[in-house]
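In our numbering, the protein residues as written are 9 to 78. Using N, Cα and C, we set each Cβ at its ideal position, and we do this for glycine too. None of these values were measured; they are calculated from a predicted model.
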Amino acid sequence: MRLLVTETLDPDGAMHRWCTPDLVALGHEALALPTQELAPLLGPDGLAAWILAVAEHFRPDLVLLCPPYD
9 MRLLVTETLD
19 PDGAMHRWCT
29 PDLVALGHEA
39 LALPTQELAP
49 LLGPDGLAAW
59 ILAVAEHFRP
69 DLVLLCPPYD
């Protein structure tokens, strides 16, 4: 299964790598979206456009989101 997951890539951030390592270990293809890091840089509209562009290219079966960037 192909999954997009909102995760923090910064080891000191909230929800750091909260599930992609486990999903990959189970045989899934998981792509982490560093929304916590990108939200301040892109703003809400830019972040939404970026997520849509990634999803259109990656074509996930499932998207897993966690607050506050969902």
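{"query": "Contact between the region 14 to 31 and the region 46 to 53 (3+ Cβ pairs under 8 Å)", "result": "no"}
{"query": "Option nearest Leu34 by Cα separation, candidates Met9, Phe66, Cys74, Ala47", "result": "Met9"}
{"query": "Burial state of Leu12 (16 or more Cβ within 10 Å)", "result": "buried"}
{"query": "Endpoints, beta strand (DSSP E) assigned at Ala40", "result": "37 to 41"}
{"query": "Sub-7 Å separation of Thr16 and Leu41 beta-carbons", "result": "no"}
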